[in-house]
Each structure stands twice: as C-alpha cells, then as structure tokens.
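Worksheet: the structure to be examined is printed underneath.
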Amino acid sequence: MGVGVSRWRLAGSVAACGGMGTLAAQGLGQASDLPIPIDEAQARRRDDPHGVRAVVRETQAALQRADGRGIVAVNIMVAITHFEALVAAALEGGADAIVCGAGLPLKLPTLVGDRDVALIPMVSSARALRSLCRYWTTFSDGRLPDAVVVEGPKAGGHLGFSEAQIDDPAFQLEALVPEVVAEAARWGDIPVIAAGGVWDHQDAWTLFDLGARAVQLGTRFVITEECDVDPGFKQRYLACGPDDITLTRTPVGLLGRVIRGPLLAAFERGEFPGFKCHYRCISSCVAHEVRYCIADHLLDAARGDEMGFYFVGTNGWRCRDLLPVAELMRRLAEGEAAR
Ligand SMILES: Cc1cc2nc3c(=O)[nH]c(=O)nc-3n(C[C@H](O)[C@H](O)[C@H](O)COP(=O)(O)O)c2cc1C
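FYI, numbering that gives the first Met the number 0 numbers position 23 of the sequence shown as 22, with every residue one higher than the one before it.
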C-alpha cells in the first residue's frame, strides 16, 4: 500500500507471522523513516536515487524483522517512471517476490534474469493473464508467473475497472476468481491470490472454495499497530462510515477509492491547491488536466495531514479495532471468535 502505508515494519511483521508482507516501492524515497545514505555519484544519477536506495533499505529492514519467516515482497507499479530502477532495488534488497500492478509487467522476466525471486503480476481479468502468459512464454524463455493476484472492484487504492463495472456482478471478485483460476490452469500450476473486499476467515474460505489459493488484504492491515502510517491516517479509518467512502478519478487516469475529506470537498468546489511536479513518477500522469499531484497528497495522508488523499477499500468503515499484526493474522487463519 503506497505511498508509505506498507513499509518495512508492516511488511516484516506480516512475514514474521508466516504471511507474505508486501511493501510499496512507490514514493518510498519521501515516505521512509529509515536513514538512507546516498553518495554523490548516486545523487547525480537521474533515476530517482533516493527512492531507489529507500527500496533497498526498507526491503532489508523488512527481511530482518521477518527473520527468515514468511515472504517479503515489493510492490512496484508498472506505470512508475523508474520501474526498472525499482526492480533492481528490490533485487538488491533481497526481496523474495516482486508484485506488479497498474499495467502488465511485460519486461519483468528480462529485468530479473536468473535471480531467485518470485514474479507475481496483478490482473483484473482472465484476458489480462492470458496476454501476459503469452508474452512471457514467447519472449522470456517460457517463464510463467509464480502466482497471480486477481484484484476485484472492492479493493482500496487504484482500481482496474470502469465506473459501470464497479457494481456489475460480472466483475465482482467471486465471478473473476473462477475465470482467472481456469486461465491459470491452462498455463500450468499458477496459484491465484484473490484481493479486494476480503474481510475475514469466512470471506477467504469462500474464495478458496472458488479455487483461490491465497488472499491479499490491504484495508484491514492499515488498522494494525505495526502499520507504518501516522496515527492520524488510522484515525480516519476508525472514524469513517460507509457514506464517507467514495470513488474519484485520479491523475493516474484510473478510478481510486478514497475517504471523503477536506481535499475532495475542495476539488468538488473547483478549488485546487496548485502544485509543482517534483517527481515525474507516473508515465501516464494527467496531473495538469486534473490539477493536483497524487503523490503529494498520498504523502500528506501518510503523515496524517487534513489535505491527504486517503485510499481505502469498501470495508474501511468496518475497521473498529486497532490490532497487533499477529492477532489479525490469527483471526484470519482461525476465525474471529476462535481462541
Ligand atoms: C491505502 C491503500 C493503498 C494502496 N496502494 C496500493 C499500491 O500502491 N499498489 C497496489 O498494487 N495496490 C495498492 N492498494 C491495493 C492493495 O494492495 C490491495 O490489493 C487491496 O486494497 C485489497 O483490498 P482490501 O483493501 O479490500 O483488502 C492499496 C490499498 C490501500 C487500502
């Protein structure tokens, strides 16, 4: 979860419990709380040296916290300008897996070569998985994904769906999982990870019964003691109701699910705070059309600022207990009431 929501502490804690803890590479250069020394030669390079060093350091710190347990993954958006440099940073940091969303990571196998790292693309349809597998098998020596995340429209953050598809039963996770599982089976034994709107043990089992082999949760892990955001971010989740959660089009050109607040209210009044592009972080960015910089406001949110852009899943309003990661993992594995 970017920017700065899942960093080393959260990812390392999830892995320490035997899960896959994923840290978000995007914006880490600004969001990281670790000391990140960069030397002059690195600073002169044009590929976002600070962000790159932050990904290395945060991955190493997450692995240290995991202490040999679970899996530490790095999530890198395909649309990010410094995609290749961030993949190299994840490898340098020793990541066990690289997870890629916001586009199909066609060149990923070429970038990692024969390094021992699991490659996990995110898709929102069976068709996308087919295109990716066709491309990889043709151009990358028959390499296939080690797993695939299928994310439905109830997820937090950016969504791979149009407004019309969001509530359409044909695009709900329960409809997508069997299609993606069938497609994955055509290519071999690719485990499918279901994401978006998973709340508890029961939800996970519903998806396992449809063929998913794992689930990915975002929203619920924000309300953990170890989640790396400012307490003000968690407070917004704890205080929000179902009507506070809405969709908006972001400068990335996709719909994003967010908590209503002063920032969206200002946009709705036609007031835009003005911005300067510091990062050129997304190749498809239309910030000059929508008149705000999403990286700036996501970073504001990670710091708990009023004018932050608070990504959230449809379940955000159900978050009421701040739990340690180990207790949340236990409840997910055993059920809420089990002891
Ligand atoms: C605050 C927040 C930030 C997110 N940022 C990213 C991101 O940077 N990259 C990404 O691939 N997914 C991102 N997501 C999506 C999550 O990785 C996850 O797949 C999704 O939220 C799962 O649905 P859930 O929130 O209902 O559990 C984000 C989600 C949230 C809530």
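Glycine residues also receive a C-beta, built at the ideal position from the N, C-alpha and C atoms.
As the structure is a prediction and not an experimental result, all values here were calculated from the model.
Using DSSP bridges, identify the partner residues of residue i.
| i | result |
| --- | --- |
| Pro120 | Cys99 |
| Glu157 | In the sequence as presented, Glu is not what sits at residue 157; that position holds His. Partner(s): Gly255. |
| Arg248 | Leu254 |
| Gly20 | Val71 |
| Glu150 | Ala194 |
| Thr313 | In the DSSP output, where bridge partners are listed per residue, Thr313 has none listed. |
| Thr223 | Leu322 |
Considering only heavy atoms of ligand 1, does any lie closer than 7 Å to the CB of residue i?
| i | result |
| --- | --- |
| Gln59 | no |
| Phe310 | yes |
| Met19 | no |
| Leu216 | yes |
| Ala78 | no |
| Arg219 | yes |
| Gln25 | yes |
| Gly100 | yes |
| Ala154 | yes |
| Met0 | yes |
| Gly195 | yes |
| Glu173 | no |
Looking at the unbroken alpha helix (DSSP H) that takes in residue i, where does it start and where does it end?
| i | result |
| --- | --- |
| Gln201 | 200-208 |
| Gln234 | 230-238 |
| Gln63 | 48-65 |
| Ala15 | 7-15 |
| Ile189 | That residue, Ile189, is in no alpha helix (DSSP H); it is neither H nor E in DSSP. |
Do you know how far the Cα of residue j is from the Cα of residue i?
| i | j | result |
| --- | --- | --- |
| Cys284 | Ile222 | 30 Å |
| Val228 | Ala61 | 15 Å |
| Leu209 | Asp38 | 51 Å |
| Leu298 | Phe232 | 11 Å |
| Met0 | Phe274 | 23 Å |
| Glu91 | Val51 | 10 Å |
| Glu173 | His277 | 40 Å |
| Val324 | Glu225 | 7 Å |
| Ala294 | Val2 | 7 Å |
Where do the ends of the beta strand (DSSP E) carrying residue i lie?
| i | result |
| --- | --- |
| Ala213 | 213-215 |
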